[in-house]
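If you're matching positions, the sequence shown starts at 146 in my numbering and goes up one per residue.
Glycine residues also receive a C-beta, built at the ideal position from the N, C-alpha and C atoms.
Treat the numbers as computed from the prediction; the structure is a model and nothing was measured.
One structure below.
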Amino acid sequence: MKEFFPGIPAIKYEGPDSKNPLAFKHYNPDEVVEGKTMKEHLRFSVVYWHTMRGIGADMFSMTRAWQRPWEDGTDSLAMALKRVPVLFEFCQKLGVPFYAFHDRDVAPEGKNLVETNKNLDRVVKELKKYQKDTGVGLLWGTACLFVHPRYMHGAATSCNADVFAFAAAQVKKAIEVTHELDGAGYVFWGGREGYSTLLNTNMKRELDHLAAFLHMAVDWKKEIGFKGQFYIEPKPKEPTKHQYDSDAAACLNFLREYGLMRHLKLNIETNHATLAGHTMQHDLEVAGAAGALGSIDANTGDLLLGWDTDQFPTDIYLTTQIMLTILKYGGFTTGGTNFDAKCRRESFEPVDLFHAHIGGMDAFARGLKIAAAIRKDGRLAQFVKNRYRSWDTGIGKDIEKGKVGFKELEKYAMKLGEVTTNESGRQEYLENLINEFI
Ligand code: XLS
Ligand code: NI
Ligand code: NI
Numbered sequence: 146m147k148e149f150f151p152g153i154p155a156i157k158y159e160g161p162d163s164k165n166p167l168a169f170k171h172y173n174p175d176e177v178v179e180g181k182t183m184k185e186h187l188r189f190s191v192v193y194w195h196t197m198r199g200i201g202a203d204m205f206s207m208t209r210a211w212q213r214p215w216e217d218g219t220d221s222l223a224m225a226l227k228r229v230p231v232l233f234e235f236c237q238k239l240g241v242p243f244y245a246f247h248d249r250d251v252a253p254e255g256k257n258l259v260e261t262n263k264n265l266d267r268v269v270k271e272l273k274k275y276q277k278d279t280g281v282g283l284l285w286g287t288a289c290l291f292v293h294p295r296y297m298h299g300a301a302t303s304c305n306a307d308v309f310a311f312a313a314a315q316v317k318k319a320i321e322v323t324h325e326l327d328g329a330g331y332v333f334w335g336g337r338e339g340y341s342t343l344l345n346t347n348m349k350r351e352l353d354h355l356a357a358f359l360h361m362a363v364d365w366k367k368e369i370g371f372k373g374q375f376y377i378e379p380k381p382k383e384p385t386k387h388q389y390d391s392d393a394a395a396c397l398n399f400l401r402e403y404g405l406m407r408h409l410k411l412n413i414e415t416n417h418a419t420l421a422g423h424t425m426q427h428d429l430e431v432a433g434a435a436g437a438l439g440s441i442d443a444n445t446g447d448l449l450l451g452w453d454t455d456q457f458p459t460d461i462y463l464t465t466q467i468m469l470t471i472l473k474y475g476g477f478t479t480g481g482t483n484f485d486a487k488c489r490r491e492s493f494e495p496v497d498l499f500h501a502h503i504g505g506m507d508a509f510a511r512g513l514k515i516a517a518a519i520r521k522d523g524r525l526a527q528f529v530k531n532r533y534r535s536w537d538t539g540i541g542k543d544i545e546k547g548k549v550g551f552k553e554l555e556k557y558a559m560k561l562g563e564v565t566t567n568e569s570g571r572q573e574y575l576e577n578l579i580n581e582f583i
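Listed below in structure tokens is the structure:
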């Protein structure tokens with residue numbers, strides 16, 4: 146069999162003292178943490194769009210900067226088929242159990258939808274074969290509803306009903322192929338579901354349409370017996386000025402308003418949360434508190450660049466916070482740690498893809514181990530529990546149980562005269578405590 150990454154061996158765990166750039170220092174797939182192996186906890190996934198289809202483009206150059214010797218410079222079906230073994234060799238060498246794709250990442254559009262679907266079916270057949278041979282599975286599938294110019298006004302939120310219909314047909318097919326490939330989930334990221342100006346936008350009508358679209362997707366999922374988890378991926382802006390699924394809270398509000406809460410969880414992406422003015426941990430907490438924490442797109446932004454730079458996560462403080470929250474909410478079930486991340490334009494060699502993923506995986510492995518150690522130590526959780534102890538008995542308990550109203554509370558406050566029971570929040574002490582483990 147042809148090797149696409151010659152000279153790069155299967156990446157092994159060599160431990161923290163290793164100086165080998167092509168080895169894991171912390172990700173030890175079979176090591177057990179809190180009762181599960183690291184592999185089971187983290188459920189890493191490689192994305193087709195950046196890793197297989199990225200060319201190192203930016204706003205100032207659409208010219209390929211990245212060397213990918215297997216590419217023939219075409220967007221043909223033949224090239225699409227040649228790319229499949231590259232992805233699987235990459236995942237196998239890294240020991241990553243999953244991948245994720247948009248329909249148009251894996252197969253090119255034809256001259257009409259019939260031909261496009263045929264192209265997709267052909268590549269899906271190949272993907273299925275390689276999944277079977279390698280044991281690498283599909284974390285989630287999705288549809289690309291933002292590259293083709295037909296989607297310039299959005300897809301499900303387009304002002305043009307023909308576009309809505311076209312998008313519906315595309316998503317119907319994308320769910321079917323995800324089902325065919327035994328995907329653990331399916332993601333809705335609102336590519337251009339938003340607006341550039343309110344001057345030409347009927348927001349209420351667009352949101353109603355988006356909800357109708359998702360209900361149709363839920364119906365179709367049931368009809369074909371697809372058991373994977375549906376997710377919405379929040380993002381506040383880019384490409385539009387305002388994306389409707391702007392953050393976790395906005396998504397949850399939308400899902401509740403339109404009766405969709407039971408059917409979708411959230412796929413939270415680090416750089417999207419920060420673009421929304423939140424931390425990743427904030428959006429994870431919002432999703433987790435609502436029972437909707439599904440999966441994560443692992444990446445990071447750059448504090449000095451205000452766009453979705455999709456960098457690989459290397460900050461241990463960040464991965465520690467993420468894993469603390471994920472463990473707190475019981476860990477991944479259908480979801481995983483999907484590297485929606487790409488190398489910088491300047492990192493143009495295939496080996497850079499390995500460095501990038503190894504770094505991300507090690508950063509998450511450390512985050513996981515540190516989070517587990519913090520949980521085992523127990524001081525952090527105990528502090529938080531203790532901070533709320535006034536709610537466990539007496540008046541606090543009565544409030545939580547709904548036993549008292551304003552009248553009773555007024556009586557209580559009058560008797561109290563003044564509050565004398567406040568305690569320090571101890572933020573600095575807690576920050577120091579976290580640093581003990583990092
Ligand atoms: C774009 C999104 C996208 C989704 C999949 O910013 O992160 O890549 O994850 O459509
Ligand atoms: Ni993403
Ligand atoms: Ni993104």
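Nearest-angstrom Cα separation, counted from residue j out to residue i
{"i": "Phe582", "j": "Lys349", "result": "48 angstroms"}
{"i": "Ile540", "j": "Asn531", "result": "16 angstroms"}
{"i": "Arg489", "j": "Tyr462", "result": "22 angstroms"}
{"i": "Glu185", "j": "Asp453", "result": "28 angstroms"}
{"i": "Ser483", "j": "Phe551", "result": "What sits at residue 483 in the sequence shown is Asn, not Ser. Whole-angstrom Cα-Cα distance: 48 angstroms."}
{"i": "Thr385", "j": "Asn444", "result": "21 angstroms"}
{"i": "Cys289", "j": "Trp194", "result": "10 angstroms"}
{"i": "Thr459", "j": "Lys157", "result": "19 angstroms"}
{"i": "Arg198", "j": "Gln374", "result": "25 angstroms"}
{"i": "Ala394", "j": "Asp353", "result": "18 angstroms"}
{"i": "Gly180", "j": "Gly280", "result": "23 angstroms"}
{"i": "Gly481", "j": "Leu561", "result": "50 angstroms"}
{"i": "Glu159", "j": "Phe477", "result": "26 angstroms"}
{"i": "Asp248", "j": "Thr287", "result": "6 angstroms"}
{"i": "Phe291", "j": "Gln456", "result": "21 angstroms"}
Residue i burial status per 10 Å Cβ neighbour count (16 or more: buried)
{"i": "Trp536", "result": "exposed"}
{"i": "Val229", "result": "buried"}
{"i": "Met204", "result": "exposed"}
{"i": "Val177", "result": "exposed"}
{"i": "Val564", "result": "exposed"}
{"i": "Val259", "result": "exposed"}
{"i": "Met425", "result": "buried"}
{"i": "Asp307", "result": "exposed"}
{"i": "Val332", "result": "buried"}
N- and C-terminal bounds of the beta strand (DSSP E) containing residue i
{"i": "Gly286", "result": "Gly282 to Thr287"}
{"i": "Glu378", "result": "Gln374 to Glu378"}
{"i": "Asn416", "result": "First-last for Asn416: Thr415 to Leu420, but that is the alpha helix (DSSP H), not the beta strand (DSSP E)."}
{"i": "His247", "result": "Phe243 to His247"}
Closest Cα partner of residue i within the set the options
{"i": "Gly475", "options": "Val549, Tyr331, Ser440 and Met559", "result": "Ser440"}
{"i": "Val231", "options": "Val192, Asn264, Gly201 and Lys256", "result": "Val192"}
{"i": "Leu450", "options": "Leu438, His417 and Asp428", "result": "His417"}
{"i": "Glu325", "options": "Gly370, Phe358 and Asn305", "result": "Gly370"}
{"i": "Ala210", "options": "Asp217, Ile200 and Phe309", "result": "Ile200"}
{"i": "Gly504", "options": "Gly152, Pro161 and Met146", "result": "Pro161"}
{"i": "Thr465", "options": "Glu576, Val363, Tyr376 and Ala421", "result": "Glu576"}
{"i": "Ser391", "options": "Tyr340, Lys372, Lys157 and Val363", "result": "Tyr340"}
{"i": "Glu321", "options": "Val363, Ala300 and Ala435", "result": "Val363"}
{"i": "Phe509", "options": "Pro253, Asn173, Ala356 and Asp250", "result": "Asn173"}
{"i": "Ala518", "options": "Lys473, Leu409, Asp455 and Gly480", "result": "Lys473"}
{"i": "Gly433", "options": "Asp447, Leu397, Glu402 and Gly422", "result": "Leu397"}
Where residue i falls: helix, strand or coil (DSSP)
{"i": "Glu568", "result": "coil"}
{"i": "Val589", "result": "The structure shown does not extend to residue 589, since the chain is modelled only from 146 to 583, so the question has no answer here."}
{"i": "Tyr533", "result": "coil"}
{"i": "Phe235", "result": "helix"}
{"i": "Tyr403", "result": "coil"}
{"i": "Lys542", "result": "helix"}
{"i": "Thr323", "result": "helix"}
{"i": "Thr196", "result": "helix"}
{"i": "Gly178", "result": "The residue you asked about is not Gly; residue 178 is Val in the sequence shown. Reduced to three states, the DSSP call for Val178 is strand."}
{"i": "Val332", "result": "strand"}
{"i": "Gln388", "result": "strand"}
{"i": "Tyr474", "result": "coil"}
{"i": "Thr482", "result": "strand"}
{"i": "Leu167", "result": "coil"}
{"i": "Gly412", "result": "For the record, residue 412 in the displayed sequence is Asn; it is not Gly. Note: Asn412 maps to strand in three-state DSSP."}
{"i": "Gln456", "result": "strand"}
{"i": "Lys157", "result": "strand"}
{"i": "Tyr296", "result": "helix"}
Where the alpha helix (DSSP H) through residue i begins and ends
{"i": "Val192", "result": "Looking at the DSSP string, Val192 is not in any alpha helix (DSSP H); the run it does join, the beta strand (DSSP E), is Phe189 to Val192."}
{"i": "Val439", "result": "Position check: residue 439 holds Gly in this sequence, whereas Val was assumed. Per DSSP, Gly439 belongs to no alpha helix (DSSP H); it is in the beta strand (DSSP E), Leu438 to Asp442."}
{"i": "Leu272", "result": "Leu258 to Thr279"}
{"i": "Phe509", "result": "Pro495 to Asp522"}
{"i": "His354", "result": "Met348 to Ile369"}
{"i": "Lys560", "result": "Phe551 to Leu561"}
{"i": "Gln426", "result": "Met425 to Ala434"}
Ligand 4 heavy atom lying under 7 angstroms from the CB of residue i
{"i": "Asp453", "result": "Ligand 4 is absent from the structure shown, which contains only ligand 1, ligand 2 and ligand 3."}
Test: residue i CB closer than 8 angstroms to a CB of chain B
{"i": "Leu561", "result": "Chain labels in this structure do not include chain B; a single protein chain is all it has."}
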